[in-house]
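> I'd like to ask some things about the structure below.
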């Protein structure tokens, strides 16, 4: 069995968006963890670096949300290839639900990321362009301090997203072992180009390792340290 058994390939624009967004997600994950870890530098230059990394994190994340809109529009206009007939109906349904969950999480993670700064009154910007606030400034949400609420929810959704990406990549490898070639659908080439999938898996492993190390540093805690130090300094000013 191979891609030649009716699997087809995605349109070029969807393949380009898929891999571009994959690289973008890896950057956003790593920069998000660095934003927290840079607090330990304890200097003015450290504050400036932390602010730069966070601004890039936000701007690239917002770009990914825009690209998602383009990707969904392209899917509707151009269509997508059917899954190979060898895949059982249950797995087909799981694949469709998994993709829908990934798309939804991209939006939710982006919105909660914007909430972190808006709720606290710091505001957001897109590559230096100030954005209108989506959320009112407030001290608590559902009885939770916004400092804790926004960071915990944003991080929890992001970890769930990473888990789903891991399931997605694992499913591709599992089907490869079963003789069903899914890689060619998103690569647009023969199975000999599978090194792209291996590269994607390597990026996932590196990102997951970085994220786990960041988690050990308290990325999901409710402690006051969850408030980035440069935000705290700005509030004091």
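In the numbering used here, the protein residues as written are 94 to 330.
In this text, a Cβ means the ideal position worked out from N, Cα and C, and glycines have one as well.
Only a predicted model underlies this, so the values are computations on that prediction, with no experimental measurement involved.
State the Cα-Cα distance for the pair residue 90 and residue 265, rounded to the nearest angstrom.
What the structure shows of the chain is the stretch from 94 to 330, and residue 90 is not part of that stretch, so it cannot be assessed.
> Out of 205, 252, 270, 228, state which residue places its alpha-carbon closest to the alpha-carbon of residue 119.
Checking every option, the nearest Cα to that of residue 119 belongs to 252.
> Between the alpha carbons of residue 113 and residue 190, how many angstroms are there, rounded?
Approximately 22 Å, taken between the alpha carbons.
> Tell me which same chain residues have a C-beta within less than 7 Å of the C-beta of residue 109, skipping the five on either side of it?
If we look at residue 109 and ignore the five residues flanking it on each side, it has no Cβ neighbours.
> Got a sec, what are the start and stop residues for the beta strand (DSSP E) residue 218 sits in?
Start and end: 217-219.
> From residue 125 to residue 256, what distance separates their C-alpha atoms?
The straight-line gap from Cα to Cα measures roughly 16 Å.
> Opposite residue 238 in the DSSP bridges: which residues?
Paired residues: 233.
> Kindly indicate which three-state DSSP category residue 222 falls into: helix, strand or coil?
Note: residue 222 maps to strand in three-state DSSP.
> If you follow the alpha helix (DSSP H) that residue 203 is part of, which residue opens it and which one closes it?
From DSSP, the alpha helix (DSSP H) with residue 203 extends over 182-213.
> So which of 215, 270, 236, 273 has the shortest CA-CA distance to residue 226?
Checking every option, the nearest Cα to that of residue 226 belongs to 215.
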